[in-house]
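Here is the structure we will look at, set down as structure tokens.
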Amino acid sequence: MKKIGIARLVAGIGACLALAGSAVAAVGKQAADILITGGTVITMDPSRRVIDDGAVAIVGNRIAAVGTSAELAGRFRPRETIDAHRKIVMPGLIDGHGHAGHELMKTLGADSEEWNAAAERLYAHASTPDFWRADAQLASLERLKFGVTTSVNFFGGGADVYRVDDPKYADAYLAAIQKTGVRWFLGVGPRKGPYPSIFTEWNGTAHTDIQVPFDRQMAVSEDIIRKWNNTADGRVKLAVVFPTISPDPKLVGPALEAIKQEAKAARDLSKRYHVLFLQDGHTRGTVQFANDELGLLGPDAIFSHATNLTDAEIKLIAATGTRISHNPSAIFSMYGRNPATELIDAGAVVMLGSDGVAPDRSFDMFRHMFQATRYHRFYFHDAKVLPAGKVLEMATIDAARALGMEKEIGSIEAGKKADIILVDWFKPHMMPMNMPVYRIVYYANGEDVSTVLVDGRVLMRDRKVLTINEEQILLDAQRESDLAIDRAGLRGLTVLPDGFWGSTRLRN
1235 MKKIGIARLV AGIGACLALA GSAVAAVGKQ AADILITGGT VITMDPSRRV
1285 IDDGAVAIVG NRIAAVGTSA ELAGRFRPRE TIDAHRKIVM PGLIDGHGHA
1335 GHELMKTLGA DSEEWNAAAE RLYAHASTPD FWRADAQLAS LERLKFGVTT
1385 SVNFFGGGAD VYRVDDPKYA DAYLAAIQKT GVRWFLGVGP RKGPYPSIFT
1435 EWNGTAHTDI QVPFDRQMAV SEDIIRKWNN TADGRVKLAV VFPTISPDPK
1485 LVGPALEAIK QEAKAARDLS KRYHVLFLQD GHTRGTVQFA NDELGLLGPD
1535 AIFSHATNLT DAEIKLIAAT GTRISHNPSA IFSMYGRNPA TELIDAGAVV
1585 MLGSDGVAPD RSFDMFRHMF QATRYHRFYF HDAKVLPAGK VLEMATIDAA
1635 RALGMEKEIG SIEAGKKADI ILVDWFKPHM MPMNMPVYRI VYYANGEDVS
1685 TVLVDGRVLM RDRKVLTINE EQILLDAQRE SDLAIDRAGL RGLTVLPDGF
1735 WGSTRLRN
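If you want it as structure tokens, here you go:
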């Protein structure tokens, strides 16, 4: 009996010592809020490391460390552990160009010549604060579920139609964005002239047309910037939009001077508040005009599309540090080619964008990465053009650089914001689990994103969104789209056009 008692005593002492040792080891570890462990980590850091059985430690809203699972398990004591087994862990994707309002008019006018007119009717004459709130909810939800953690958006679109007659529309839109938890740039500024512009104000079923001069549109834009820029801990940022002007021999004298003064007012507004300056739809000649006549280029300016540029314009963009958003899936890219490869080779910063979801796209940046490879390889008839690695850079670290945020987002590095997505690659279309960067660019789609963190906060876990009510957002979107289409008198555009079936070309 004595021998048994001694054995138990020795075993008990050993267990106590082991527990004490574990406690001492735990005390020696650094506290972390989240430890993502067991994944394949595509860092996009300067060395472009890909870490098998990798881990990411998060403290607060920032990344504390990146390494192997064994290494970080020995260093950190996490409050929460996220198991990334069979997942790719990578930076959140960045969409460099989109449009508010697009969500509620998907495919409307897609197969007609009435797209711009439909956008004009909806945005300027049929929208309400509830319309913009529903659009923001749906856009942020769609992007979140596709792993797009940062995006750049114009507050409207079509032929440069922006809803800046009253701040209440942007207020409703941005309040909805804040709730979702993603990062968001919203560009506000004057719609295309001549001025005054006509907007329609709705009160129930009654409506009134109002004339809004250029100065009033600028004042409203400034009010929105002053109220919303860098809110939600910096996740919501504003930008200034000014319509792209095409050179015209008739544009001389007072007409040219008026445009110069308007452009200067918009550019001065962007510089006064230190926000990005955006222009949509650049093409051959417009970049040169924007530089020579309007003085709009610079490293805080982002020009979208930029198709059919001259060699001189390519050099000018690179020399001035002007950023380019390339939208390979956009209709604009059918009419002319964005020389993304030539721009990059010249030293320019080029990022990818969706161009929004209307009339015929989505916010799935995996789709646009794949499209970018085909777009340029077809042009050069060369499968080696625009490698998968470069394309992924254009949707992550290059895009962060274009936004002036490369020190904060775009890669998984210690000290940066914890904007991270997990992509499930234990799926038939992603197997076998090797060559992860290739899988992401060539095979993945937005539905493969399982978990999303922004600012160290889990916004979606295992495809379940945690910050907002997904079903209610879908119901709100359906209701507000139906109401706006009816207010605008556009129900006819929902009918299939002549030649839709059985023909190789539409006949309208």
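Start counting the sequence shown at 1235; every next residue gets the next number (my numbering).
The beta-carbon is built from N, C-alpha and C at its ideal position, and this holds for glycine as well.
Residue 1710 versus residue 1437: straight-line alpha-carbon distance, rounded
Walking along the sequence shown from the start, residue 1710 turns up at place 476. Walking along the sequence shown from the start, residue 1437 turns up at place 203. Looking at the two C-alpha atoms, the distance is approximately 19 Å.
To the nearest angstrom, how far is the alpha carbon of residue 1593 from that of residue 1647?
What you label residue 1593 is simply residue 359 of the sequence shown in a count that begins at 1. What you label residue 1647 is simply residue 413 of the sequence shown in a count that begins at 1. When rounded, the distance between both Cα atoms is 37 Å.
Between 1606, 1304, 1615, which lies nearest to residue 1627 when the distance is taken from Cα to Cα?
Here residue 1627 refers to the residue found at position 393 of the sequence shown. Closest by alpha carbon: 1606.
Please name the residue in 1299, 1364, 1381 whose C-alpha comes closest to that of residue 1697.
Residue 1697 sits at position 463 when you count from the first residue of the sequence shown. Considering only alpha carbons, the answer is 1381.
Anyone know if the C-beta pair for residue 1371 and residue 1719 falls short of 8 Å?
As a working note, residue 1371 is residue 137 in the sequence shown. As a working note, residue 1719 is residue 485 in the sequence shown. Not in contact: residue 1371 and residue 1719 (Cβ atoms no closer than 8 Å).
If you drop the 5 nearest sequence neighbours on each side, which residues of the same chain put their C-beta closer than 6 Å to that of residue 1728?
Taking the first residue of the sequence shown as 1, we reach residue 1728 at position 494. Answer for residue 1728: no residue qualifies.
For residue 1628, which three-state DSSP category applies?
By one-based count along the sequence shown, residue 1628 stands at place 394. In the structure shown, residue 1628 sits in a helix (DSSP, three-state: H, G or I).
Quick one: what's got a C-beta closer than 7 Å to residue 1237's C-beta in the same chain, skipping five residues either side?
Counting from one through the sequence shown, the residue named residue 1237 turns up at place 3. With a pLDDT of 46 at residue 1237, under the threshold of 50, the modelled position of this residue cannot be trusted, and the question is left open.
Member of 1448, 1451, 1449, 1432 whose CA lies at the smallest distance from the CA of residue 1442:
Against the sequence shown, residue 1442 aligns to sequence position 208. That would be 1432, whose Cα lies nearest to the Cα of residue 1442.
Return the first residue and the last residue of the alpha helix (DSSP H) that residue 1401 is part of.
The sequence position of residue 1401 within the sequence shown is 167, counting from 1. 1401 to 1414 is the span of the alpha helix (DSSP H), which, as asked, contains residue 1401.
Identity of the residue in 1266, 1425, 1478, 1292 nearest residue 1450 by Cα:
Working through the sequence shown from its first residue, we reach residue 1450 at position 216. Taking only the C-alpha atoms, the option nearest residue 1450 is 1425.
Identity of the residues DSSP links to residue 1749 by a beta bridge
In the structure displayed, the chain extends from 1235 to 1742; residue 1749 sits before or after that span and is not available.
Can you tell me where the alpha helix (DSSP H) with residue 1385 in it begins and where it stops?
Numbered from its first residue, the sequence shown carries residue 1385 at position 151. Run containing residue 1385: none in the alpha helix (DSSP H); it sits in the beta strand (DSSP E), 1382 to 1388.
Which of helix, strand or coil does DSSP assign to residue 1754?
In the structure as shown, the chain starts at 1235 and stops at 1742, and residue 1754 therefore has no counterpart that could be examined.
For residue 1543 and residue 1558, what's the separation of their Cα atoms in angstroms?
One-based indexing of the sequence shown puts residue 1543 at position 309. One-based indexing of the sequence shown puts residue 1558 at position 324. Taking the straight line joining both Cα atoms gives about 12 Å.
So residue 1311 and residue 1649 are in contact, right, with Cβ under 8 Å, and what is the actual spacing, rounded?
Translated into positions along the sequence shown, residue 1311 becomes position 77. Translated into positions along the sequence shown, residue 1649 becomes position 415. Not really, about 20 Å apart at Cβ, beyond 8 Å.
Hey, how far is the Cα of residue 1475 from the Cα of residue 1395?
On the sequence shown, position 241 is the one that residue 1475 refers to. On the sequence shown, position 161 is the one that residue 1395 refers to. Those two C-alpha atoms are separated by around 11 Å.
Report all residues from its chain with a CB closer than 7 Å to the CB of residue 1413; omit the five preceding and five following residues, and keep chain order.
Here the question's residue 1413 lines up with position 179 in the sequence shown. Taken in chain order, the residues that qualify are 1701, 1702.
As a quick exercise: from 1325, 1294, 1262, 1421, pick the residue whose alpha carbon is nearest that of residue 1640.
Taking the first residue of the sequence shown as 1, we reach residue 1640 at position 406. Cα-wise, what sits closest to residue 1640 is 1325.
With distances taken between CB atoms, is the gap from residue 1561 to residue 1331 smaller than 8 Å?
The sequence position of residue 1561 within the sequence shown is 327, counting from 1. The sequence position of residue 1331 within the sequence shown is 97, counting from 1. Yes, these two residues count as a Cβ contact at 8 Å.
Tell me, please, which residues DSSP counts as bridged to residue 1471.
Counting from 1 along the sequence shown, the entry for residue 1471 is found at position 237. BP columns for residue 1471 point to 1419.
Where does the unbroken alpha helix (DSSP H) through residue 1599 begin, and where does it stop?
Counting from one through the sequence shown, the residue named residue 1599 turns up at place 365. Per DSSP, residue 1599 belongs to the alpha helix (DSSP H) from 1599 to 1614.
Bridge partner(s) assigned by DSSP for residue 1264
Residue numbering aside, residue 1264 sits at position 30 when the sequence shown is read from its first letter. According to DSSP, residue 1264 bridges with 1310.
Verify the CB distance criterion: does residue 1638 have a CB-CB separation below 8 Å to chain B?
Structure shown: chain B not included; a single protein chain is present.
Evaluate residue 1723 with the Cβ neighbour count: other Cβ atoms within 10 Å of its Cβ, from every protein chain shown; 16 or more gives buried, anything less gives exposed.
Locating residue 1723 in the sequence shown gives position 489, counting from the first residue. Flag for residue 1723 reads exposed.
Would residue 1294 pass as a contact of residue 1267 if the rule is Cβ separation under 8 Å?
Taking the first residue of the sequence shown as 1, we reach residue 1294 at position 60. Taking the first residue of the sequence shown as 1, we reach residue 1267 at position 33. Yes, the pair counts as a contact, with Cβ atoms nearer than the cut-off.
Thinking residue 1506 and residue 1529 are a contact (beta carbons under 8 Å), I'd like their distance in whole angstroms, please.
Here residue 1506 refers to the residue found at position 272 when the sequence shown is read from its first residue. Here residue 1529 refers to the residue found at position 295 when the sequence shown is read from its first residue. Rounded, the Cβ-Cβ distance is 15 Å, inconsistent with contact.
DSSP three-state call for residue 1325: helix, strand or coil?
Within the sequence shown, numbered from 1, the residue matching residue 1325 stands at position 91. Three-state DSSP puts residue 1325 in a strand.
Would you please state the rounded distance, in angstroms, between the beta carbons of residue 1333 and residue 1388? I believe it to be under 8 Å.
Taking the first residue of the sequence shown as 1, we reach residue 1333 at position 99. Taking the first residue of the sequence shown as 1, we reach residue 1388 at position 154. About 5 Å separates the beta carbon of residue 1333 from that of residue 1388, a gap short enough to meet the 8 Å contact definition.
Where residue 1347 falls, given that 16 or more other Cβ within 10 Å makes a residue buried:
As a first step, residue 1347 is located in the sequence shown; it is residue number 113 there, counting from the start. The residue is exposed, with fewer than 16 neighbouring Cβ atoms inside 10 Å.
Unbroken beta strand (DSSP E) runs of length 3 or more, entirely within the segment 1663 to 1715: which are they?
1683 to 1688, 1691 to 1695
So, does the segment 1670 to 1684 touch the segment 1580 to 1593, judging by three or more C-beta pairs under 8 Å?
Contact fails: fewer than three Cβ-Cβ distances are below 8 Å.
Using CA coordinates, which residue listed in 1504, 1342, 1585, 1524 is at the minimum distance from residue 1534?
Locating residue 1534 in the sequence shown gives position 300, counting from the first residue. Answer by Cα proximity: 1504.
Please check the pair residue 1315 and residue 1269, which I expect to be a contact at CB under 8 Å, by giving their CB distance rounded to whole angstroms.
Counting from one through the sequence shown, the residue named residue 1315 turns up at place 81. Counting from one through the sequence shown, the residue named residue 1269 turns up at place 35. The pair is a contact, with the Cβ atoms about 5 Å apart (cut-off 8 Å).
Check whether the segment 1622 to 1638 touches the segment 1364 to 1378, taking contact to mean three or more Cβ pairs, one atom from each stretch, closer than 8 Å.
no
Just curious, the alpha helix (DSSP H) that residue 1292 is in, first and last residue?
Position 58 of the sequence shown holds residue 1292. Not the alpha helix (DSSP H): residue 1292 falls in the beta strand (DSSP E), residues 1284 to 1293.
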